[in-house]
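Okay, so here's the structure we're looking at.
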Ligand SMILES: Nc1ncnc2c1ncn2[C@@H]1O[C@H](COP(=O)(O)OP(=O)(O)O)[C@@H](O)[C@H]1O
Ligand SMILES: [Mg+2]
């Protein structure tokens, strides 16, 4: 025994001040179990204590929003009696330690957030960030994470329809694995995670509870890695936090829960994610304004000799908590038996306690048997909603001006544009080929294009001809230079992706991956980024309906670049024909739609582009976000493509927005996919080749006059780029490449980098 | 109306898609839970794709012990149409209703991609409406799709015309590019590609129709 | 009595083993030379209730052959576990 | 000399084993009663060139721990194969 043991509350991740708060709430000293409950529920991961005051600045309302942030998933009314639920989350630290299981359980967790709302999960997307693949450990992580998502997502029966893939040294010790899920439900089936009705039962569904993941939220997700090599530096104490996913259990759980909801047996339902049973019981009770008695001995265990603290906080996967009336118990038990899902009554909804001052408060009571000893008794709301809020110090990085001044736009020497372009081309097909992207027969545009587009259909949904489109996007290179503009532009780029499949953006979810919030620079980045997102969402008329904040993405004291990931959900009102995609044809005219020059002081800014960072230039300025200009082009393109989707005639034969790799990469990608070349006019230097500011589209048309008239009427600039045809990509005097070279290089880039070739 | 039973094991996930495929062709589809032992009244049975029993142990290894499989065996022995798609194919081989086995793909990764199939024989309930040599673009979606068998079995398959579909560009290391096989009578067929995913150009291909049309129409011939 | 049994499932001679081959190919780059003939298989551990060792082995062998392996491509062997295995 | 080594990879104590649990749950319905504690793992067979048995085992153990398993959730053990194994 060491002479000065660490006080228990600190070992549980609570500060001395937080201990004081707990004493105030209880009016007494907490016992060990109570302290442990606060430790997990007040962790950064569960309570958002560092970010919550900033998140309030995001716009969250619109007429079509049915459920905004705060619930398990955001929900919008997509029309035709169908609601769409969507959520994104991170599973970063678990994936750094055990990439397969970390990513797999990430998929499992996000699915539960969505079917908790009564929605059938219809798709998954996976934005991924790793270090450079020259490092063998990164290759191991990539293969593990991708096979984990593949292994779990395919087996659980939800198609993975897109994502992102970014390689940058800042993620070498701290990879990011974000997972988005969207699902749909008949609007009238919407359910919330609320416990109500005194006397109702809390039923635990799914897996038994083991020691896996104990302290996951407080130990793993709310602290950085000490060393700089992730797993190797991870001490043994963190190892039990590794969980193994069971997609088969989850699949049966989904079917059983949806059947319970269809049967009308459920008053409220809530998934068990971080912080396990204590989280689900305290949140449902807090939302319902009731108390909850939980019997720890009623919880089926997988391991012997587990103590109440372990049982209450375990993060064992594939579990749900349903609140039902006692009369429905036989029906619930029978349905669960059919799906071979274990169901146990573990709690009772009880009256709130009336205090001396007349106020009533719902208590979470942990008992040893329903009539047994009370092991813990705390106000449910204090766990779920009353964690301290921190306005942590923020500081603009001292070196930011110097970094911004080091702008590659004007002085970075030009290499061979041919070689530069080839080096930028990466086809992520090796990743998404491993995902079932077609299940449910909805996938009109799968992974590999600008946004994924699905028919809005599924088992149990009313008939609809609508479609939904989703794109996930991020730009840490910009956000490192200017988190505010970078985040705003990321939202715009995502909206541009949706426009390419004819969809109008309706809602935003986000996953804010940042470093250690105790570093003032990180808090400044987070705050700026949120302001940028608010600016973009206000400017484009988009509500934020959910999100997730992942902090402590640091290793050995160094933080990742700010990485806000946005997921945009859009709707196509009539989807009876596929959008044109990238499929231009010989003889089509190619045009650039949208402003040809960035708004601001530089026509073709290169700060933060893949071209510049690929040459080691990470400084520079970021283009300005200008909502009016961006929205003009995006809305025009969305309308043009929506007409095609609705089955209308159109001269538009192809569309692709300009993003990573710039205009040159957009053209090369269209060449690679069609196998047909293009002859493009001279552009204004490598700036115009590789600049990445959004709101520009490469489009092909069989009737350029008619197209230009429509664009003119919409007030959107159109510039003629050239004509489709031949076997080469030519851009003025700068680029001249054979179609075959582009295709082969792009197709093999990832496998070569992964050393699989 | 033709009644097709679509068997649902816990862990199946393509049952809705398979049902949608045959209903689009005018048949009636009904789900059959894996504990059922009665298949009377059905004109054909589909074992759909997915991960029956989680694919734990091996794809199909636990599913073949599901109670319904005895009934499927009798249904097949009566000469009536049985179709296994992807996981359903794996179940049929594990159950011994089709020869061979399906191993992990050559590249050891899951593969979801379009493939071009060549119709090798029209002597089966699946390929009866197609023509020999016809090329069909139909997606695959599997981890364990490499068809494997010993030399003697392969010999027999070839001699009897039991190889019904081959890959044009073998994606997974299947022996002799085999994508689908039938039993000797031609009433039991399994294939790794998903014809039900190729029913409409909105989703990329309608080439699966000719296969499912053959299957839905097959019961007439059998009767 | 409960007996701990270990079942090993290997691919039959002549059946392609892409997993083993892939590992073997990857080894030299990782600094492992002189390793050949790599084969990947599966193992299972289970407790079998039986009156004696040979009865336990017999039951486990039946289980291994009927369920744990696919005789079309795999061989299965069962052995009694040593103490602590 | 070439030594045949057999590596077995099992999940560490306390790590959930859904495959083993699913197989175990299925057994009674298949007519196998009295079988408990089913755990699924992997096995590898390889030939290791080394000067003697203990050197072979040592190299195989390093390989097993570094490549064939993830020590965060798995244990790997190497043993020398018997004749014919
Ligand atoms: N990790 C991944 N998983 C699935 N699909 C991916 C992944 N990474 C990229 N993709 C897909 O590849 C395509 C190109 O991605 P990206 O270059 O990020 O597109 P954009 O620049 O249009 O945002 C998209 O369709 C995307 O969904
Ligand atoms: Mg795009």
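Chains as they are written, first to last, in our numbering: chain A, -7 to 749; chain B, 6 to 228; chain C, 8 to 92; chain D, 8 to 92. Ideal Cβ placement from N, Cα and C applies to all residues, glycine included.
Going straight from the alpha carbon of residue i to that of residue j, what length do you get?
i: residue 191 of chain B; j: residue 164 of chain B; result: 13 angstroms
i: residue 229 of chain A; j: residue 549 of chain A; result: Residue confidence is low: residue 229 of chain A scores 46 on pLDDT, short of 50, so the model does not pin down where it sits. Its coordinate-derived value is still stated next. Cα-Cα distance, rounded: 20 angstroms.
i: residue 117 of chain A; j: residue 615 of chain A; result: 28 angstroms
i: residue 17 of chain D; j: residue 216 of chain B; result: 44 angstroms
i: residue 28 of chain B; j: residue 199 of chain B; result: 16 angstroms
i: residue 570 of chain A; j: residue 632 of chain A; result: 13 angstroms
i: residue 105 of chain A; j: residue 145 of chain A; result: 15 angstroms
i: residue 156 of chain A; j: residue 424 of chain A; result: 10 angstroms
i: residue 451 of chain A; j: residue 412 of chain A; result: 47 angstroms
i: residue -1 of chain A; j: residue 15 of chain A; result: 15 angstroms
i: residue 453 of chain A; j: residue 74 of chain A; result: 7 angstroms
i: residue 240 of chain A; j: residue 67 of chain D; result: 34 angstroms
i: residue 684 of chain A; j: residue 602 of chain A; result: 8 angstroms
i: residue 171 of chain B; j: residue 162 of chain B; result: 13 angstroms
i: residue 733 of chain A; j: residue 650 of chain A; result: 21 angstroms
i: residue 6 of chain B; j: residue 220 of chain B; result: 14 angstroms
i: residue 49 of chain D; j: residue 63 of chain D; result: 20 angstroms
i: residue 390 of chain A; j: residue 295 of chain A; result: 52 angstroms
i: residue 102 of chain B; j: residue 236 of chain A; result: 34 angstroms
i: residue 199 of chain A; j: residue 83 of chain A; result: 20 angstroms
i: residue 223 of chain B; j: residue 11 of chain B; result: 16 angstroms
i: residue 362 of chain A; j: residue 356 of chain A; result: 13 angstroms
i: residue 407 of chain A; j: residue 606 of chain A; result: 12 angstroms
Does any residue of chain F bring its CB to less than 8 angstroms from the CB of residue i?
i: residue 37 of chain D; result: Annotation note: the requested chain F is absent from the structure, which comprises protein chains A, B, C and D.
Use the C-beta contact count for residue i: other C-beta atoms within 10 angstroms, 16 or more gives buried, fewer gives exposed.
i: residue 177 of chain B; result: buried
i: residue 40 of chain C; result: exposed
i: residue 149 of chain A; result: buried
i: residue 440 of chain A; result: buried
i: residue 223 of chain A; result: Note that residue 223 of chain A scores 38 on pLDDT, short of 50, meaning its location in the model is unreliable; the coordinates nonetheless yield the value given after this. Buried, because 16 or more other Cβ atoms sit within 10 Å of the Cβ of residue 223 of chain A.
i: residue 38 of chain B; result: exposed
i: residue 324 of chain A; result: buried
i: residue 85 of chain C; result: buried
i: residue 229 of chain B; result: Any answer about residue 229 of chain B is impossible in this case: the structure gives chain B only from 6 up to 228.
Could you please tell me which residues of the stretch 40 to 53 of chain C, in chain order, have their CB closer than 7 angstroms to any CB of chain D?
-> 41, 42, 43, 44, 45, 46, 47, 48, 49, 50, 51, 52 and 53
Within 9 angstroms of chain B by C-beta, residues of the stretch 422 to 445 of chain A in sequence order | Answer set for the stretch 422 to 445 of chain A: 422, 424, 425, 426, 427, 428, 429, 430, 431, 432, 433, 434, 435, 436 and 438.
If you pair each beta-carbon of the stretch 113 to 122 of chain B with each one of the stretch 71 to 82 of chain B, do three or more pairs fall below 8 angstroms?
-> no
The stretch 595 to 607 of chain A in contact with the stretch 674 to 693 of chain A per 3-pair CB rule at 8 angstroms | yes
Any 3 or more C-beta pairs closer than 8 angstroms across the stretch 23 to 42 of chain A and the stretch 266 to 279 of chain A | yes
Contact residues within the stretch 45 to 79 of chain B, judged by C-beta distance below 9 angstroms to chain C | Identification of residues in the stretch 45 to 79 of chain B having a C-beta nearer than 9 angstroms to some C-beta of chain C yields 62, 63, 65, 66, 67 and 70, given in sequence order.
When Cβ atoms are compared, which residues of the stretch 68 to 80 of chain D fall closer than 9 angstroms to chain C?
-> 69, 70, 73, 74 and 75
Determine, using beta-carbon pairs with one atom in the stretch 556 to 568 of chain A and one in the stretch 693 to 702 of chain A, whether at least three such pairs fall under 8 angstroms.
-> no
Inter-stretch contact (C-beta, 8 angstroms, three-pair minimum) for the stretch 37 to 53 of chain C and the stretch 40 to 55 of chain D | yes
Could you tell me whether the stretch 711 to 720 of chain A touches the stretch 574 to 584 of chain A, where touching means 3 or more Cβ pairs closer than 8 angstroms?
-> yes
Stretch-stretch touch, CB-based, cutoff 8 angstroms, three pairs: the stretch 188 to 201 of chain A with the stretch 321 to 334 of chain A | The answer is yes - the stretch 321 to 334 of chain A touches the stretch 188 to 201 of chain A, with three or more Cβ pairs under 8 angstroms.
In chain order, what residues of the stretch 196 to 208 of chain A put their CB closer than 7 angstroms to some CB of chain D?
-> The stretch 196 to 208 of chain A vs chain D, Cβ under 7 angstroms: 202, 203 and 204.
Could you name the residues of the stretch 124 to 143 of chain A whose beta carbon sits closer than 8 angstroms to any beta carbon of chain B, in the order they occur along the chain?
-> 139, 142 and 143
Segment contact flag, the stretch 46 to 56 of chain B with the stretch 79 to 98 of chain B, C-beta cutoff 8 angstroms, min 3 pairs = yes
Closer than 7 angstroms, Cβ to Cβ, to anything on chain B: give me those residues from the stretch 37 to 52 of chain A, in chain order.
-> none
Could you name the residues of the stretch 113 to 124 of chain B whose beta carbon sits closer than 9 angstroms to any beta carbon of chain C, in the order they occur along the chain?
-> 113
Pull out every residue of the stretch 281 to 308 of chain A whose Cβ sits closer than 8 angstroms to any Cβ of chain D, in chain order.
-> 294, 295 and 308
Given 8 angstroms, three or more beta-carbon pairs between the stretch 122 to 133 of chain A and the stretch 402 to 417 of chain A = no
Short-range partners of chain B found in the stretch 589 to 613 of chain A, where Cβ spacing is below 9 angstroms = none
Would you be able to state if there are at least three C-beta pairs under 8 angstroms between the stretch 476 to 488 of chain A and the stretch 518 to 535 of chain A?
-> yes
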